Amino acid sequence: MNTFNNIKDYRPSKGAVVTIGTFDGLHQGHQKILDRVLARSEGDGLTSLVLTFFPHPRMVLQPDHDLKLINTIEERKQLLAEYGIENIVIHPFSKEFSRTTAQEYVEEILVKKFNAKVVVIGYDHRFGRNRSASIKELREYAQEFNFEIVEITKEEVEEVAVSSTKIRNALNEGDVETATRYLNRPFSIRGTIEKGKQLGRTINYPTANLKIEEKYKIIPANGVYVTSSIINGCKVYGMTNVGVNPTVTDEGIRKIETYYLDFDQDLYDSEMELFFHHRLRNEARFKDLELLKKAMLKDENDTRDYIQQMG
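Given below as structure tokens:
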């Protein structure tokens, strides 16, 4: 995989099958687009190229909009690479770039810069200044500049169109199973295990506290979840509390704390990826630590039951 941090850095060696988008989440709809890109690039002897953007255009054009993303840019790169895309161009999105006209977008970027022979797009793709041009205009440009358009029709999941917005909404409601269905994989968060106050040890539930560096990464709704991580090459299940720990502190700071089942190793300073499988309950405030401990014992039993059901 070749990664380029600006459109101008890309140097075409041969014709390309190109697709364009933010690809936040790399969900089922995105996967359908990428499948076609890879099939055409392999079948036509062309290279595959994804043009994506960071920051997300809404972060730039609507700065008051507190948009949280399903993937960090590093996660997006890794997912695209794992999918088999040969060239990933991550262009810095800016207000200046947003003023690129449809003609400039096609002629200067797709044709001259990328040497696009095939452009694969979703049914709702819009481009150019103020998103003024649609697939209709793109087809006209394709005739003028001699490249092919492949349109992907609306992808449906259980009669509901897949979108990054719907996945974000599901995560904001704690519905990680719907997110998993749309993504074709469990939603995950990456970070570093840091030392906490170690209050969990006092009730026999020591937790690993995951610190997230990227402030724009979406975190599921507060609550208790069945989760897993790959530790030393093995999948280890756990129960994770996302929230502010109202029983033991009034700080109001959201934390991600995981008790890993049947596991007792020092994880401090380790890089960790946490996969979310199922939401057990809302976060709750208990009158004392003894009631909290009883609730966590029930959470543990429910977690083990769910893992058994997963097979």
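Under numbering that gives the first Met the number 0, the letters of the sequence shown match residues 0 to 310, in that order.
Where a beta carbon is used, it is the ideal one built from N, C-alpha and C, also for glycine.
Remember, predicted model here, so these are calculated numbers, not experimental data.
Residue environment, residue i, which counts as buried when at least 16 other CB atoms sit within 10 Å
{"i": "THR46", "result": "buried"}
{"i": "HIS124", "result": "buried"}
{"i": "ALA178", "result": "buried"}
{"i": "PHE146", "result": "buried"}
{"i": "ARG75", "result": "buried"}
{"i": "ASP298", "result": "buried"}
{"i": "PRO219", "result": "buried"}
{"i": "HIS64", "result": "exposed"}
{"i": "LYS254", "result": "buried"}
{"i": "ASN114", "result": "buried"}
{"i": "THR302", "result": "buried"}
{"i": "ARG200", "result": "exposed"}
{"i": "ALA160", "result": "exposed"}
{"i": "MET309", "result": "exposed"}
{"i": "ARG278", "result": "buried"}
{"i": "SER131", "result": "exposed"}
{"i": "TYR267", "result": "exposed"}
{"i": "ILE229", "result": "exposed"}
For residue j and residue i, the rounded distance between their alpha carbons
{"i": "GLU155", "j": "ILE166", "result": "Low local confidence applies: a pLDDT of 46 at GLU155 is under 50, so the model's placement there is unreliable, with the coordinate-based value given in what follows. Near 14 Å, if we compare the C-alpha coordinates of ILE166 and GLU155."}
{"i": "PRO54", "j": "THR71", "result": "10 Å"}
{"i": "SER227", "j": "GLN307", "result": "14 Å"}
{"i": "ALA294", "j": "GLU256", "result": "15 Å"}
{"i": "GLY180", "j": "HIS29", "result": "Looking at the sequence itself, residue 180 is Arg, so the reference to Gly does not match. So the alpha carbons of these two residues sit roughly 14 Å apart."}
{"i": "GLU41", "j": "VAL17", "result": "13 Å"}
{"i": "VAL175", "j": "GLY24", "result": "13 Å"}
{"i": "TYR82", "j": "LEU291", "result": "43 Å"}
{"i": "LYS234", "j": "PHE275", "result": "13 Å"}
{"i": "ARG10", "j": "LYS112", "result": "7 Å"}
{"i": "ASN240", "j": "ASP304", "result": "18 Å"}
{"i": "THR246", "j": "ALA169", "result": "26 Å"}
{"i": "PHE96", "j": "ILE6", "result": "11 Å"}
{"i": "GLU213", "j": "GLU172", "result": "21 Å"}
{"i": "LYS153", "j": "GLY20", "result": "15 Å"}
{"i": "ASP265", "j": "VAL36", "result": "44 Å"}
{"i": "GLU158", "j": "ILE202", "result": "Because GLU158 carries a pLDDT of 46, less than 50, the predicted location of this residue cannot be relied on, and no value is offered for it."}
{"i": "PHE144", "j": "LYS116", "result": "9 Å"}
{"i": "VAL225", "j": "SER93", "result": "39 Å"}
{"i": "ASP249", "j": "GLY242", "result": "12 Å"}
{"i": "SER12", "j": "VAL110", "result": "13 Å"}
{"i": "LEU8", "j": "GLY14", "result": "A small correction: the amino acid at residue 8 is Asp; Leu does not occupy that position in the sequence shown. Cα-Cα distance, rounded: 16 Å."}
{"i": "TYR104", "j": "LEU296", "result": "58 Å"}
Continuous beta strand (DSSP E) stretch holding residue i: start and end
{"i": "THR239", "result": "233–242"}
{"i": "LEU273", "result": "270–280"}
{"i": "SER227", "result": "222–230"}
{"i": "ARG189", "result": "187–193"}
{"i": "LEU209", "result": "207–210"}
{"i": "GLU147", "result": "147–151"}
{"i": "ILE89", "result": "86–90"}
Assumed close pair residue i, residue j - CB separation to whole angstroms, cut-off 8 Å
{"i": "ILE120", "j": "ILE134", "result": "7 Å"}
{"i": "LYS216", "j": "ILE188", "result": "7 Å"}
{"i": "TYR140", "j": "PRO205", "result": "Not really, about 60 Å apart at Cβ, beyond 8 Å."}
{"i": "VAL88", "j": "LEU50", "result": "5 Å"}
CB contact below 7 Å: residue i versus chain D
{"i": "PHE146", "result": "Looking for chain D here will not work: only one protein chain is present."}
Bounding residues of the alpha helix (DSSP H) (the contiguous stretch that carries residue i)
{"i": "PHE144", "result": "134–144"}
{"i": "ILE252", "result": "No alpha helix (DSSP H) contains ILE252, which DSSP labels as neither H nor E."}
{"i": "ASN4", "result": "No alpha helix (DSSP H) contains ASN4, which DSSP labels as neither H nor E."}
{"i": "GLU176", "result": "175–182"}
{"i": "ILE72", "result": "72–82"}
{"i": "ILE166", "result": "163–171"}
{"i": "LEU288", "result": "288–309"}
>> Ignoring anything shorter than 4 residues, give me the alpha helix (DSSP H) runs that lie fully in the segment 9–60, in order along the chain.
In response: 27–43, 56–60
> Considering only residues of the segment 95–128, which uninterrupted beta strand (DSSP E) runs meet the minimum length of 3 residues and lie entirely inside it, listed in chain order?
Replying inline: 115–121
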